[in-house]
Structures are given as structure tokens and as C-alpha cells.
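Asker: As you go down the protein sequences, you meet chains Z and L in turn.
Using the working numbering, the letters of the first sequence map in sequence onto residues -16 to 218.
Using the working numbering, the letters of the second sequence map in sequence onto residues 5 to 252.
Dropping a structure here in C-alpha cells format, bear with me for questions.
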Amino acid sequence: MEELARQYLNWELIRQSLPGIARAFATNLSVMVAAELCVLAWALVLALLRGLPGRAGVPLRWLAIAYIDFFRALPALVVIFLVGFGLPQTGLPLFRGLSLYQLAVLALTLVYGAYVAEVYRAGIESVHASQVAAARSLGLSRAKTMRFVVLPQAVRRVIPPLLNDFIGLQKDTALIGVLGVVEGFRQAQIVAGQRFNASPYVGLALCFLVITLPLTRITDYLIARGQRRTVGGRA
Amino acid sequence: MSALLELDSVSKRFGEAWVLRGVDLAVGEHEVVCLIGPSGSGKSTLLRCVNALEPIDAGDIRISGRSIIGSRTDVDRLRRDVGIVFQSFNLFPHMSVLRNVTLAPREALGLSKREATDRARPLLERIGLWEKRDEYPDRLSGGQQQRVAIVRALAMRPKLMLLDEITSALDPELIAEVLDMVRQLAAEGMTMLLATHEMSFARDVANRICFIDQGRILEQGAPGQIFTAPRHDRTARFLERVIAAGRL
């Protein structure tokens, strides 16, 4: 018991290392927020492309499906290496100016965009066809029906799975240290390695929990508030 | 006189099953035409075809003389002239009553918020729901929801209203308020094509009754004739069953 406590709960070490870890963790937070915003937009584009109607939509629909399959099948770590080490080496002007930070955001966006696109799609498909019929019958175009009637209902319904993916995204920000970005995990690793003690990781875990737990509570609150309007109405 | 709505041998199938088999029908301006017939006879499908919610497989549908069939047709434009009300209301659950009514005038007709509200207000006042304009649909009774759905369609100022068994999902005590509203519309000269199981209502409100069976209009005529002296056996048998069920 004492050995465990010494290895994981060395309060002295946690107190010493926490300020540095928390500072580095700010990078995780900033990558998380930037990647989440990019993911929300990119995934929506993918989901809408995937849902394009008719024969004219076939090429884009297929591209979107291929993209989603591909990036869901790859480990995030592999994509981070591919993007973070590979793209700058290409020397292409588009990528030459990107910082490690931006490459990290790009890699996470590519991966999580695929997951979140599927979440959006599930939400879009869960909106009953009669809602579309009602909107179209009023003379709304397909695009406006999507924007005003389908998406608002779809997004409310998928808040819990969206949050799940974002918690996953948040946790995967610990992977970007492999690129040389100093983030919370890298910082904890440095201290833990110097002292042969895992307590800095506990400090880092606390940092993650401080963000994740309130996020979960906020979402539950939003779901409860939104319930009435989404489930309450007739399909 | 050219009719507001004309159907020429309209046929429609779902897979192998033909649900409409050569329907001919004309509805003149200010006319109220009721479609009656057994469940699955094609009444709802017919209405959905008129609004281009379902493509047809043969025949032609014209509104004010213009065909709505073919890829050249601007269906969004067409639908501004044709309102439809569904059995299951289909109000937008995430929007207030007022927003439900003003959405299409604003987004399809390009009215400003003010103009759309000015248009919605008398309509909602008329059904006594202006006070509830900020409520969400699930706070309303079924009868209120259905009346909002009618108002939502009316806000587009359609030339033709299609009503698809709009009282079938309502509790009996709520049916009257919805039917009264349709009676008023008829009295004001709104052209309507409606599918209904409410036979006594159909007899009151309709200028003409069409009996549909197995995707065909078997017979049509004035309510007095159809309900008292149907020409066709199947019409007679259908009406007997309706009377036995206490619905006439």
C-alpha cells in the first residue's frame, strides 16, 4: 500500500511539478479547442457531402465515404506521424509554413472529422422523413430544409455522442507530444523520468479530469433542457 | 373553364404494386373535393403526388394549366401555391408556434421578419393561438397543433389546399375544432382537395365526392348522390361498413 502511495501520490512532487504541467497542459487545451472547432465544421461538410442526393452527387458521396472509412480505420498516432513528420518534408509551399502546433491540429481534425461526420449523419438520418416532407411542401429548398429543419434537430440529438468523441479528442491531444510539441503529457514524462516516480502523471490526470467532468455535466444539462423540444414533438 | 388542378391518367407504383391506376380528376377554383375510400386505396398517395412529394410513373398533373411533371419543373415554386396538411401535423418541434408559421414565408418568399409576423398574426388570432405564439408545439393539444399546421400552410397564401386525413390522429373531442376551421375555409372559397374518413363532414363540406378503390376513382358525384344512391357496388359496400362503424 505504502509503495503504491509513494509511487503515485507523492504530494510534494505533485505540488512541485503541477505548475509546469498545468502550463504545458494549456497547450493541450488550446489544441483541443482549435481542433474541435475545425472538426465541427469539417465533419459537417463531410456529412453533407455523404448525404448528397441523386446521381449527380455520386462522385462526392463516394469520396466522402472513402475518406470517412480511411481515417476511421487508422490509429490517430499514425496519422499524427504522417502529417506531423511527412507533410513538412514534402516541401510543398502550402505546408512549409505550418507550425508543429498547426500540424497537430490538422492531424486531429483529419481523424476526428471522420468520426464526427458519422455522428452527424446518424443525427440527420434520425430526423423523420415527415419533417422533410413538411418543410419541402412549404416551398423550402433542399438546402434550407437541411439548415432550418433537419440540422437543428439532428445536432440536438447527437450532443451525447459528440461529447464522447470530444472527450476522445481531448485525450488524444496527449499524443501530439511525439511531434515535439511540449504539452502536458510530455512535461509530466520529463519530470517523472527525472524522479522515477509516477506522481506527475497523477497531476496530469487531474488536469484532464478538471476539464472533462464539468463538460460531461454541462452536456447532461443541455440534453435535459433540449429533450422537450426534440422528443416532445411528433415525428 | 380550365380547372385549377387537373390530373390525366395519373399512375404511380411502389415497387411492383400500383397504388394509382390511371386517375383522372379536375378540381375547379373554389371547389371542395373529398376523396373517400378504404385504407390503402391511394388517397394519401394521390395528394402527395399533387404536391410532387411523390414522383408519378405515368400521366400528367397540371396546376393552373402548367404541368408539374418533368425535371424542368421548379417544385419549390409549385409548392408555394399548394399547401398540404398531414395526418400527423408535422410541426417543427424545435420552433415556436410563430416561427413554425413564419419560416416558409421568410425563407421561401423572402419576407422580412416583420412582414411574416404581420401575415401570421391574423391567422393565429383567428384560431385563438396568437397568445401561444411563443410556445413549442408539444405544449399544445393535438387539435391546436393541427390548426397551427393549417395556418402554417395558409401563411403561404396557397391557391390550393390538400388535406390528408387531418383528423385521423386526433382524439374525438378535438376533431370538431379542426373541422370547423376547414368549413370556414370552404365558406371563404378556398379550393381544397381532401382525403377523409369523416363522412358526415365530407357530406357537409364537399361539392363533390370521389370514391377511390384500389387506385382508381370508381365513381364521383355530388354528396347527395354518392351517399344516398351510389352507382357502384363497392361504393355501397364501403358506405355500409362506414355506417356500421357509426361514422356516418
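A virtual CB, placed ideally from N, CA and C, is assigned to each residue, including glycine.
Quantities reported herein were computed from a predicted structural model and do not represent experimental measurements.
Short check: CB of L89(Z) to CB of V110(Z), under 8 Å?
Answerer: Cβ atoms of L89(Z) and V110(Z): not closer than 8 Å.
Asker: In the structure shown, what three-state DSSP assignment does R217(Z) receive?
Answerer: Low local confidence applies: a pLDDT of 41 at R217(Z) is under 50, so the model's placement there is unreliable, and no value is given.
Asker: By Cβ distance, which residues of its chain are closer than 6 Å to M196(L), with the 5 residues on each side in sequence left out?
Answerer: V36, M165, listed in sequence order.
Asker: Could I get the ranges of all uninterrupted alpha helix (DSSP H) runs contained in the stretch 8 to 44 of chain L, with 4 residues as the minimum, in chain order?
Answerer: For the stretch 8 to 44 of chain L, not a single whole alpha helix (DSSP H) run of length 4 or above is found.
Asker: Counting only Cβ pairs nearer than 9 Å, list the residues of chain L close to A116(Z).
Answerer: Simply R52, N55, L57, I88, F90, N94.
Asker: Counting contacts by CB-CB distance shorter than 8 Å, is L223(Z) in contact with chain L?
Answerer: Residue 223(Z) lies beyond the range of chain Z shown here (-16 to 218); nothing can be said about it.
Asker: For the alpha helix (DSSP H) that contains L70(Z), what are its first and last residues?
Answerer: Its alpha helix (DSSP H) spans residues 70 to 73.
Asker: Could you tell me which uninterrupted beta strand (DSSP E) segments, each at least 3 residues in length, are contained entirely in the stretch 182 to 210 of chain L, listed from first to last along the chain?
Answerer: Runs found: 195 to 199.
Asker: Hey, does V203(L) have any beta-carbon neighbour from chain Z nearer than 8 Å?
Answerer: First, the residue type needs correcting, since residue 203(L) is Met and not Val in the sequence shown. It does not; no Cβ of chain Z falls within 8 Å.
Asker: Ends of the beta strand (DSSP E) at G63(L)?
Answerer: Looking at the DSSP string, the run of the beta strand (DSSP E) that includes G63(L) is 62 to 67.
Asker: So, is G163(Z) buried or exposed, given that buried needs 16 or more other C-beta atoms within 10 angstroms?
Answerer: It counts as exposed.
Asker: Quick one: give me the first and last residue of the beta strand (DSSP E) that D168(L) is part of.
Answerer: Where D168(L) is concerned, the enclosing beta strand (DSSP E) stretches over 164 to 168.
Asker: Closest Cβ-Cβ distance between R111(L) and chain Z: below 8 Å?
Answerer: It is worth fixing the name first, because residue 111(L) is Glu in this sequence and not Arg. Judged by the 8 Å Cβ criterion, E111(L) is in contact with chain Z.
Asker: Along chain L, in chain order, which residues have C-beta atoms closer than 9 Å to that of Q136(Z)?
Answerer: Residues of chain L passing the Cβ test: F96, P97, H98.
Asker: Per the DSSP calculation, F215(L) is bridged to which residue(s)?
Answerer: In the DSSP output, where bridge partners are listed per residue, F215(L) has I40(L), E223(L).
Asker: Less than 8 Å between C-beta atoms, sequence neighbours within five positions excluded: which residues of the same chain meet that for S71(L)?
Answerer: For S71(L), where only same-chain residues beyond five positions count, the Cβ hits under 8 Å are D64, I65, T77.
Asker: Grab the span of the alpha helix (DSSP H) containing V61(Z) for me, first residue to last.
Answerer: Unbroken alpha helix (DSSP H) run through V61(Z): 59 to 64.
Asker: Please report how far the alpha carbon of E19(Z) lies from the alpha carbon of L189(L), in whole angstroms.
Answerer: Computed Cα separation, rounded: 51 Å.
Asker: Our contact map puts V89(L) next to I170(L) with C-beta atoms below 8 Å; I'd like the distance itself, whole angstroms only.
Answerer: Yes, they are in contact, since the Cβ atoms of V89(L) and I170(L) sit about 5 Å apart, within 8 Å.
Asker: Name the DSSP beta bridge partners of R178(Z), please?
Answerer: Its beta-bridge partners do not exist; DSSP assigns none.
Asker: How about the stretch 104 to 124 of chain L and the stretch 170 to 182 of chain Z: do they share at least three Cβ pairs that are nearer than 8 Å?
Answerer: They do not touch, by the three-pair rule.
Asker: Helix or strand or just coil, what does DSSP make of I72(L)?
Answerer: In the structure shown, I72(L) sits in coil (DSSP, three-state: anything other than H, G, I, E or B).
Asker: Please classify A218(Z): is it buried, with 16 or more other beta-carbons within 10 angstroms of its beta-carbon, or exposed?
Answerer: Residue placement at A218(Z) cannot be trusted, given a pLDDT of 37 that sits under 50; what the coordinates show is reported in the next sentence. Exposed: under 16 other Cβ atoms inside 10 Å.
Asker: Look at the alpha carbon of R52(L) and the alpha carbon of E58(L), and state the distance between them as a whole number of angstroms.
Answerer: Each residue's alpha carbon lies about 6 Å from the other.
Asker: Look at the Cβ atom of L39(L), then the Cβ atom of A199(L), and state whether they are nearer than 8 Å.
Answerer: Yes, Cβ-Cβ distance for L39(L) and A199(L) is below 8 Å.
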